[in-house]
Ligand code: HEA
Ligand code: HEA
Ligand code: CUA
Ligand SMILES: [Cu+2]
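Protein chains in written order, with our numbering: chain A, 1191 to 1294; chain B, 1398 to 2091; chain C, 4 to 287; chain D, 1227 to 1434.
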């Protein structure tokens, strides 16, 4: 049995890790734009990738979604929601940009 | 002096907002019909209120019903709401058919503006305030019983959802008495519904009614999904859930994810109208295509929200009345899940004609057709369920059979519409109207009616009259075919939907037939009312207190009819898909348990009705630009929510003694009832105890 | 059942009605009058035949099985626990999947073939027409002929027509059932539709997207003239109509339907653009 | 780990509390589902923003209006508030003193209000530039998306106040604990939405 105070410390460590990672990732994204070298498209791709990574960090360290069995329900829920939302967003963008292209 | 105050208080209300004043000033048929409808609403409300006062039932209604958080009572209230709203929408449907039948090369008796309000209210009510409450009510009543639970996961939230829906429905009713309703159809396409083209209150009524309703449905979806996920009784694994529960789960998932697009669409439209945003306006970069896209992101899953619970009902009914296990349980579950997921991938088929590339149209057309496969699987599974069974032609079973044969036709016209080129021709014509009534009436409505006949004895303790049920069934089927088959022909001849007058004499015979059909459908509804009346009158003879009138299979039949407040004295434990059916054959399901325990249930709460009333007031304020009312309403709602979070004494306990008394009364009745064979289930010999055969 | 005799009598009356009413279908795609509508109709027939074949089993099996296995027929076998068979599973999943795959191929081909933007293959260059949906009428501009009409689309039979559509008001949808499918027309945007009439005639055109009080009146005739008569008509229009002026422009945006079609003997060169810009600026 | 521990956000409920573990589990799971439904709303507003982005019709453009530094500061405020909320959760879970719990909640609240203040300030500057929602489709979509997140933060702040009052009146009874847990999910979730906002709205707008 793990002692209460150890658990507490490890939990605090989780939050600290999350916080530091989040700060680093945000800083990287802002830096990529502030000192932009790449083309706009690839700069935006970098920003999006960093955002995705940071979201994962949040889910993992702050929202406690993990691959452990006990959190499986929540994980499945989040993944399913992501699929549906992704479908809706991607569909919307594809359709509306196509329409726009065909109508000017 | 009144100059400043009155407008601030009354917003944009003026005398001409009252249909009576309008009818007085312009006494033509159309305005008089409008005033008449308004009068019916007012007089009806006054009569009901007077009757309740006379009987001294206000306190009873308030404390036993309105503030109740019991899922069974909430379910019944939902269905009563559906019934009230349906009566109005049905009359509107019949009026539209009469108008079109009389308006061939003549103006008919309903002015264009009024006709537009008719199809808009009819569609809005039928979808949001008839179909949704009906299926929500049915799930509310039945699902917790089927999974062996004492209530849903969030009983108070359940009551809030009910009252939000009721508030939204009240708003639609209010539009009959003050102001007008939208003329933009149930889909409310801008820019027509923007301020530039629809400046009046109508669109605002529509926006807020639909928004409140969709918030209510989202909350309901969350509630049901969590209930099914977390509150199943011991041993009820997912693959042991009755099919109705499966469909309820999938419908809830659809509600959770498909209602938000609607909320976004109506909210953005409201921003355009109230705060001069430019999402869907013609000018300043607005883009109405985004509205169509958002609306149908909701709209298509919505039609499966409507149909899935009906599929669940048919699964239960066909199995029970064939005295047989459901054929292909697993494939039915898979089919349901596939339909759920696919329904998020086809929304573009509602605007194939907007001009996108052939690749996109074709991809979405193919996805649409794919839904035909799991749907067909379901139909065949029901056919094979009857195969090698003993089919009893009770009213719910008749509805199921009529459904299977008629729904297929609607499904086929759906496949036709899924071909973009064919849709270019049929879109916006009566062909489409025929398609969706062909899905909604034989699918959704027959399903709900089958469920109503099937579970009514469970909810009220007596069976519905069989003879009037059959009469009504006959009218439903014949009426449907007469009313809607002609519309396929008219649509294929190019007659546009939503037309108030017709200029083609050769359409006349078809319009007549459709009119006759609509009258028959009105007759069908009337016979349902007669049936209810006759059944209540003869209820003594048709008692089924023992609780199992149809030789049922699921847990809901294992308790008394009507069930006690706490549903199950002892939470059940199951080890098969048909626990009660097997239980009856293994040992005595009417043996008392070893011991009774105290049961804790949530206490009644005013939260739901309070939020409903405040939401209705706030929405009304928004519609009429009475800002004070809107602000007070919104603040008061927050206050109620916060106050509720401070409530602590939220449960009450039923003592073991009381449970025991209630249960023993039932067990004694079951012991005294005669077990009856299936041949006699429609006679008054049926007291709710089934003769157990092999 | 008590309803039966009356039901039968009614049913007997139906075919009669249908005969009388079949005239209705002549206004639809069944009576197609151009290559596009003809392809639509062929597709209709193919899909219809396939679907009838698929509907058959359900329509037959449902009543047959229900009746044969009725409770009172005690002679048949009764196996309440029978609930699965791999053969049947295969039968209810695989053939429908096959049919849907087959139909998908058909769908893909026809959707591309009948893409409304796709020019019609023909030896002649298409006639260019710009169509503007208005409250409650249609304006047709002939940019090459420099004329315009309201509520009448005159075209030469046999020659493809290329429509560019926009709206001067809310969204509308243009449908000419006997010639082609419909396409939306929206403010600030331009959509396209290709069609052709294969023989002279008069065909109904309409807006099918509800747009207010006068919606039901927003119909017009498409007049397909013999190829030789078309230039004559253009000449006549130039000679007899009156030129499109500022008043006419303002009149386009009045909410009304003219009782008679109108012909303008000349139309400003950028009228179409002008309308697009105007609606984006004024919002209505 | 004891079996009867409620798993989400690492919270433990005492044995004699009002709610059973099953109820608490449903309460938290239900809130998750609600958040996902809310996430769909945000997703669609992002899609709308993407669609409307080119619709500046001659008015202010993203490059005109967005500023890197204020956005970065707002980001840091919000991230820090998530961290301090995490510390509040730990305090609650491990039975730290009520003062400590209230203290962390208070810090979170202040950070939240700081964020709101900065955001409002940004909006005021935009307004004074003539970048108002009625100017163009692009600005409409900006002002539907970003302030909606702000509104969520506002509700979260009110909720924090309510929970602080509840901690003072009821102590840490089961319902307070469950509600704090839900508030935590809500607060962290708003961070996730903010990540999307600063990436898709602000940073994208400032890329040259
Ligand atoms: C569930 C949905 C539903 C249902 C049941 C119906 C039922 C009917 N509908 Fe309608 N209809 C719509 C949904 C529905 N409709 C929609 C969405 C539109 C489009 C609106 C738009 O254009 O925007 C529309 C449009 C529409 C039109 C306009 C067509 C046009 O555009 O030109 C017409 C015209 O006649 C019509 C007719 C009818 C008739 C005669 C009935 C009925 O007479 C048929 C009989 C139905 C009933 C009698 C209801 C019965 C319910 C019960 C009996 C429950 C009983 C309850 C208990 C027992 C507890 N409908
Ligand atoms: C309960 C409601 C319901 C249901 C279940 C459906 C089911 C289907 N619908 Fe329908 N639909 C509506 C309600 C419904 N619809 C409404 C309300 C509208 C219009 C809204 C408005 O504009 O106002 C609409 C509009 C609509 C359109 C848009 C038309 C347009 O606006 O131009 C399309 C186009 O694809 C379509 C297609 C389909 C298809 C393919 C199915 C399929 O799910 C059908 C599947 C069933 C079968 C195919 C039959 C059984 C199957 C077999 C026996 C197996 C064998 C089959 C094959 C191998 C194919 N529907
Ligand atoms: Cu609408 Cu382009
Ligand atoms: Cu659909």
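Here a beta-carbon is modelled for each residue, glycine too, at the ideal position from N, C-alpha and C.
Open item on the list: Could you check whether the Cβ of residue 75 (chain C) sits closer than 8 Å to any Cβ belonging to chain A?
Closed with: Taking the first residue of the third chain as 1, we reach residue 75 (chain C) at position 72. Closer than 8 Å: no.
- [ ] Note down, in chain order, all residues in the stretch 1720 to 1754 of chain B with a beta-carbon under 8 Å from any beta-carbon belonging to chain A.
- [x] 1741, 1742, 1744, 1745, 1751, 1752, 1753, 1754
Task: 7 Å CB neighbourhood of residue 1439 (chain B) in its chain, flanking five on each side removed - done: Here residue 1439 (chain B) corresponds to residue number 42 of the second chain, with the count starting at 1. Take residue 1439 (chain B), set aside five residues on each side of it, and the residues of its chain with a beta-carbon closer than 7 Å to its own are 1574, in chain order.
Open item on the list: Between which residues of its own chain and residue 1371 (chain D) is the CB-CB distance below 6 Å, once the five residues before and five after are set aside?
Closed with: Within the fourth chain, the letter at position 145 stands for residue 1371 (chain D). Answer for residue 1371 (chain D): 1271, 1275, listed in chain order.
Open item on the list: Suppose the cutoff is 7 Å on Cβ atoms and the five residues either side in sequence are ignored; what does the same chain contact list for residue 240 (chain C) look like?
Closed with: Numbered from its first residue, the third chain carries residue 240 (chain C) at position 237. Within the same chain, residue 240 (chain C) has close Cβ partners 150, 266, 268.
TODO: Check whether the Cβ atoms of residue 1261 (chain D) and residue 1424 (chain D) lie closer than 8 Å to each other.
DONE: The residue labelled residue 1261 (chain D) in the question sits at position 35 within the fourth chain. The residue labelled residue 1424 (chain D) in the question sits at position 198 within the fourth chain. Cβ distance not < 8 Å, so residue 1261 (chain D) and residue 1424 (chain D) don't count as in contact.
TODO: Determine which residues of the stretch 184 to 216 of chain C have a Cβ less than 7 Å from any Cβ of chain A, and write them out in chain order.
DONE: Per Cβ criterion, the list reads 192, 193, 194.
- [ ] Examine chain A for any beta-carbon lying closer than 8 Å to the beta-carbon of residue 1654 (chain B), and answer yes or no.
- [x] Residue mapping note: residue 1654 (chain B) aligns to position 257 of the second chain, counting from 1. Chain A, which has a Cβ nearer than 8 Å to the Cβ of residue 1654 (chain B), makes this yes.
Open item on the list: Three Cβ pairs or more, each shorter than 8 Å: is that satisfied between the stretch 1846 to 1853 of chain B and the stretch 188 to 208 of chain C?
Closed with: no
- [ ] Compare the beta carbon distance of residue 1577 (chain B) and residue 1610 (chain B) with 8 Å and say whether it is the shorter of the two.
- [x] Within the second chain, numbered from 1, the residue matching residue 1577 (chain B) stands at position 180. Within the second chain, numbered from 1, the residue matching residue 1610 (chain B) stands at position 213. Against a cut-off of 8 Å, the Cβ pair of residue 1610 (chain B) and residue 1577 (chain B) comes out as no contact.
Task: Neighbour list for residue 1288 (chain A) in chain B, Cβ cutoff strictly below 8 Å - done: Here residue 1288 (chain A) refers to the residue found at position 98 when the first chain is read from its first residue. Per Cβ cutoff of 8 Å: 1753, 1754, 1757.
TODO: List the residues of chain A whose Cβ lies closer than 8 Å to the Cβ of residue 120 (chain C), in chain order.
DONE: Position 117 of the third chain, counted from the start, is the residue given in the question as residue 120 (chain C). Under the 8 Å cutoff, chain A gives 1292.
Task: Closest Cα partner of residue 1728 (chain B) within the set B:1546, B:1761, B:1772 - done: Residue 1728 (chain B) sits at position 331 when you count from the first residue of the second chain. Per the Cα distances, B:1772.
Open item on the list: Just to confirm before moving on: does the CB-CB distance between residue 1429 (chain D) and residue 1237 (chain A) stay below 8 Å?
Closed with: Looking up residue 1429 (chain D) in the fourth chain gives position 203. Looking up residue 1237 (chain A) in the first chain gives position 47. Cβ distance < 8 Å, so residue 1429 (chain D) and residue 1237 (chain A) count as in contact.
Open item on the list: Does the contact criterion of 3 or more C-beta pairs under 8 Å hold for the stretch 1561 to 1572 of chain B versus the stretch 2007 to 2022 of chain B?
Closed with: In short, these stretches touch, since the Cβ pair count reaches three.
TODO: Quick one: residues in its chain with C-beta nearer than 7 Å to the C-beta of residue 1504 (chain B), no 5 flanking neighbours on either side, listed in chain order?
DONE: By 1-based counting over the second chain, the position of residue 1504 (chain B) is 107. Answer for residue 1504 (chain B): 1898, listed in chain order.
Open item on the list: Are there any heavy atoms of ligand 2 lying less than 7 Å away from the beta-carbon of residue 1809 (chain B), as far as the coordinates show?
Closed with: For the purposes of this step, residue 1809 (chain B) is identified with residue 412 of the second chain, where counting begins at 1. Residue 1809 (chain B) Cβ: within cutoff of ligand 2.
Open item on the list: Measuring only the C-alpha atoms, how far is residue 139 (chain C) from residue 172 (chain C)?
Closed with: Sequence index remark: in the third chain, residue 139 (chain C) carries index 136 (1-based). Sequence index remark: in the third chain, residue 172 (chain C) carries index 169 (1-based). Spanning the two alpha carbons is a distance of roughly 10 Å.
- [ ] Helix, strand or coil for residue 1204 (chain A), going by three-state DSSP, please let me know.
- [x] The residue labelled residue 1204 (chain A) in the question sits at position 14 within the first chain. Helix at residue 1204 (chain A).
- [ ] Given a cut-off of 8 Å, decide if residue 1709 (chain B) and residue 1643 (chain B) are closer than it, judged by their beta-carbon atoms.
- [x] The count along the second chain starts at 1 and reaches residue 1643 (chain B) at position 246. The count along the second chain starts at 1 and reaches residue 1709 (chain B) at position 312. Yes, these two residues count as a Cβ contact at 8 Å.
TODO: Measure from the C-beta of residue 1432 (chain D) to each C-beta in chain A and report whether the shortest distance is under 8 Å.
DONE: Here residue 1432 (chain D) refers to the residue found at position 206 of the fourth chain. Yes, its Cβ sits closer than 8 Å to a Cβ of chain A.
- [ ] Specify the secondary structure class of residue 1238 (chain D) as computed by DSSP and reduced to three states.
- [x] Counting from one through the fourth chain, the residue named residue 1238 (chain D) turns up at place 12. Bear in mind that a pLDDT of 35 at residue 1238 (chain D), under 50, signals an unreliable position, so the model cannot answer this.
TODO: Give the interface partners of residue 1231 (chain A) over in chain B, defined as CB-CB distance under 9 Å, in chain order.
DONE: For the purposes of this step, residue 1231 (chain A) is identified with residue 41 of the first chain, where counting begins at 1. Neighbourhood of residue 1231 (chain A) in chain B, by CB distance below 9 Å: empty, with the nearest CB roughly 23 Å away.
Open item on the list: Any C-beta of chain C within less than 9 Å: which residues of the stretch 1885 to 1902 of chain B qualify?
Closed with: Result list: 1886, 1887, 1888, 1889, 1890, 1891, 1892, 1893, 1894, 1895, 1896, 1897, 1898, 1899, 1900, 1901, 1902.
Open item on the list: Bridge partners for residue 157 (chain C) per DSSP, in chain order?
Closed with: Taking the third chain and counting its residues from 1, the one referred to as residue 157 (chain C) is at position 154. C:226, per the DSSP bridge assignment.
Task: Assigned secondary structure, residue 1787 (chain B) (DSSP; H/G/I helix, E/B strand, else coil) - done: Position 390 of the second chain holds residue 1787 (chain B). Note: residue 1787 (chain B) maps to coil in three-state DSSP.
TODO: Would you mind stating whether residue 1924 (chain B) and residue 1869 (chain B) have Cβ atoms separated by less than 8 Å?
DONE: As a first step, residue 1924 (chain B) must be located in the second chain, where it is residue number 527. As a first step, residue 1869 (chain B) must be located in the second chain, where it is residue number 472. Yes, the Cβ-Cβ distance between residue 1924 (chain B) and residue 1869 (chain B) is below 8 Å.
Open item on the list: Just checking: is the beta-carbon of residue 1616 (chain B) within a distance shorter than 8 Å of some beta-carbon in chain A?
Closed with: Translated into positions along the second chain, residue 1616 (chain B) becomes position 219. Not an interface residue.
Task: CB contact flag (residue 1213 (chain A), residue 1243 (chain A), <8 Å) - done: What you label residue 1213 (chain A) is simply residue 23 of the first chain in a count that begins at 1. What you label residue 1243 (chain A) is simply residue 53 of the first chain in a count that begins at 1. It is not a contact, given that the beta carbons lie outside the stated cut-off.
Open item on the list: Measuring only from the beta carbon, is residue 107 (chain C) closer than 7 Å to any heavy atom that is part of ligand 2?
Closed with: One-based indexing of the third chain puts residue 107 (chain C) at position 104. No, Cβ of residue 107 (chain C) sits at least 7 Å from all heavy atoms of ligand 2.
TODO: Classify residue 1293 (chain A) as buried or exposed, calling it buried when 16 or more other Cβ atoms lie within 10 Å of its own Cβ.
DONE: Counting from 1 along the first chain, the entry for residue 1293 (chain A) is found at position 103. Residue 1293 (chain A) comes out buried.
Open item on the list: Mapping the DSSP letters down to three states, classify residue 1249 (chain A) as helix, strand or coil.
Closed with: Here residue 1249 (chain A) is taken as the residue at index 59 of the first chain, counted from 1. Reduced to three states, the DSSP call for residue 1249 (chain A) is helix.
Task: chain A contact residues for residue 1418 (chain D), given Cβ-Cβ distances below 7 Å - done: Locating residue 1418 (chain D) in the fourth chain gives position 192, counting from the first residue. Within chain A, the residues near residue 1418 (chain D) are 1245, 1248.
- [ ] Establish whether the CB of residue 1407 (chain D) and some CB of chain B are separated by less than 8 Å.
- [x] For this step, residue 1407 (chain D) is matched to residue 181 along the fourth chain. Not flagged as an interface residue toward chain B: residue 1407 (chain D), since no C-beta distance is shorter than 8 Å.
TODO: Express the C-alpha separation of residue 214 (chain C) and residue 230 (chain C) in angstroms, rounding to a whole number.
DONE: Counting from one through the third chain, the residue named residue 230 (chain C) turns up at place 227. Counting from one through the third chain, the residue named residue 214 (chain C) turns up at place 211. If you take the alpha carbons of residue 230 (chain C) and residue 214 (chain C), they lie about 35 Å apart.
Open item on the list: Below 7 Å, is the gap between the Cβ of residue 1391 (chain D) and the nearest heavy atom of ligand 4?
Closed with: The residue labelled residue 1391 (chain D) in the question sits at position 165 within the fourth chain. No heavy atom of ligand 4 is found nearer than 7 Å to the CB of residue 1391 (chain D).
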